[in-house]
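In what follows, a single structure is set out as structure tokens and then discussed.
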Amino acid sequence: MPQTRSKQIEPVVETMPSSDNELSEPPDTLSSPPPASFKRQLAKYSYAGSSTKENDSPASPRTSTKRPRTATVIKTEPSVSAPTTSSSRPTKKQRKSSKYANPSKYAHLSPLVDILEHNLICVFVGTNPGVSTARQGHAYAHPSNHFWKLLHSSGLTDRRLAPSEDRSLPARYCMGNTNIVSRPSKDAAELSKDEMTEGTRELERKFAEFRPEAVCIVGKGIWEAVWRFKYGRNIRKEEFRYGWQDEEGNMGKQGHWEGSRVFVATSTSGLAASLKPAEKEAIWKPFGEWVQRRREERGFVPRKVDDELGESTVKVQGVIKTEGGARTM
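In UniProt numbering, the protein residues as written are 1 to 329.
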């Protein structure tokens, strides 16, 4: 009869999750009595792989809540050996960062001379001479430095100059060069904040004296040091930007003179890899275009440069003499 068959099928459906409970619970915790024989007990555990025989015991009210615990037990098994595997991997050596170095460490190297004249269109401001630059006695002399390449690609120079031609910048292009710190070091990390602060004060004095139209800060770190000197605090992330700065940031202000405009460019060091070469060129390009325009507006005519030395300046007894003026070192 249909009613009798319905009563026989109903226990079969409900016993499916019951065997899952038995996998995750000890037999002595079950509310139903234990099986009569060991063979029948084994049949219960073989349910997952067979659908021909079912448990005759009534359904347990705990079946719907206990089932996920079986999956949890299985998933945690691989994690036992995980710490052993990761701990066996060799640790990667990290490059040691430079620390402050006393000036005496590089006392055998000479500082670079400033390349300055009165009323230049622009003056570049670097951090300080690197070891290779100090040894050669010319700005940005390390082969990996992109300064001279970026000057050419941005239109600041009509060809790529060699570092040995650095002192010809005023005569050829109405441009100059200086550094925020004069002493050499391996990198900027070997300089102190006090040196950067004092260097900024000296930059202000130089620009007040020589009055270039603009100064080009060659690197974010230099502008951060100038900002600390000017405003007495670190520059916030949202305040920093490459390119032309507000008039308030002009350098060398004196009397009625409003000071030199400031353009912040990227570092040209080969170690500065946060920006791609194309991105650096895009940042430098507007400054190159502005300098070219100012040369035309001034009617600038390049002066003759010494063919042998490739420079228009001569160092005599600690003084850099140029056709446009003199600077005591």
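Note that CB positions come from ideal geometry on N, CA and C, so glycine has one too.
Predicted model only: the values in this text are computed from it and were never measured.
Legend entry - 7 Å Cβ shell around T268 - same chain, five flanking residues per side excluded: Y140, N145, H146, F147, L150 and V218
Legend entry - T266 versus I283 - alpha carbon distance: 7 Å
Legend entry - Reduced DSSP category for F229 - H, G, I as helix; E, B as strand; rest coil: helix
Inset, instruction - Could you tell me which of V131, R293 and V125 sits nearest to S110, measuring between CA atoms? - result: V131
Legend entry - Neighbourhood of V264 by C-beta, 6 Å cutoff - its chain only, sequence neighbours within 5 removed: I217, W223 and Y242
Legend entry - Member of A189, G232 and E198 whose CA lies at the smallest distance from the CA of L271: A189
Inset, instruction - Determine the extent of the beta strand (DSSP E) in which T178 is found, giving its start and end residues. - result: M175 to N179
Legend entry - Under the three-state DSSP convention, the category residue 343 falls into: Since the first and last residues shown for the chain are 1 and 329, residue 343 lies out of range.
Legend entry - For G155, the nearest candidate out of T200, Y173 and S168 (CA to CA): Y173
Inset, instruction - For the alpha helix (DSSP H) holding V131, just list the boundary residues, first then last. - result: V131 to Q136
Inset, instruction - Would you decide whether E195 is buried or exposed? Buried here means 16 or more other CB atoms lie within 10 Å of its CB. - result: buried
Inset, instruction - Using DSSP bridges, identify the partner residues of M251. - result: S260
Inset, instruction - In the DSSP assignment, find the unbroken beta strand (DSSP E) run with V218 in it and report its ends. - result: A214 to V218
Inset, instruction - Have a look at S153, T127, F240 and H118 and flag the residue whose alpha-carbon is nearest the alpha-carbon of E289. - result: S153
Legend entry - Alpha carbon of N234 to alpha carbon of R228, nearest angstrom: 5 Å
Legend entry - Three-state secondary structure assigned by DSSP to F210: helix
Inset, instruction - With a 10 Å radius around its C-beta and 16 neighbouring C-beta atoms as the bar for buried, classify N177 as buried or exposed. - result: buried
Inset, instruction - Pull up the distance between the alpha-carbon of S185 and that of H108, whole angstroms please. - result: 11 Å
Legend entry - Cβ shell of W244 (< 6 Å), same chain only, five flanking positions each side left out: F263
Legend entry - Three-state secondary structure assigned by DSSP to I121: coil
Legend entry - Simplified DSSP state of G243, which is helix, strand or coil: strand
Inset, instruction - Output the boundary residues of the alpha helix (DSSP H) element that contains P286. - result: P277 to R298
Inset, instruction - In the DSSP assignment, find the alpha helix (DSSP H) that holds H152 and state where it starts and stops. - result: F147 to S153
Inset, instruction - Classify G221 as helix, strand or coil using the three-state DSSP reduction. - result: helix
Legend entry - Cα-Cα separation between S164 and T133, rounded to whole angstroms: 10 Å
Legend entry - Classification of F287 by the beta-carbon crowding that lies within 10 angstroms, buried from 16 upward: buried
Inset, instruction - Taking all protein chains shown into account, decide if E297 is buried (16 or more other Cβ within 10 angstroms of its Cβ) or exposed. - result: exposed
Inset, instruction - Drop a sphere of 10 angstroms on the beta-carbon of S274, count the other beta-carbons inside from all chains shown, and report buried for 16 or more, exposed for fewer. - result: exposed
Inset, instruction - Tell me whether the beta-carbon of E213 lies closer than 8 Å to the beta-carbon of S260. - result: yes
Inset, instruction - Could you check what DSSP says for G199 in three-state terms: helix, strand or coil? - result: helix
Inset, instruction - Quick one: using the 10 Å Cβ neighbour count with 16 as the cut-off for buried, is E77 buried or exposed? - result: Residue confidence is low: E77 scores 46 on pLDDT, short of 50, so the model does not pin down where it sits. No coordinate-derived value is stated.
Legend entry - Cβ-heavy atom distance, E281 to the ligand FAD, below 7 Å: The ligand FAD is absent from the structure shown, which contains no ligand whatsoever.
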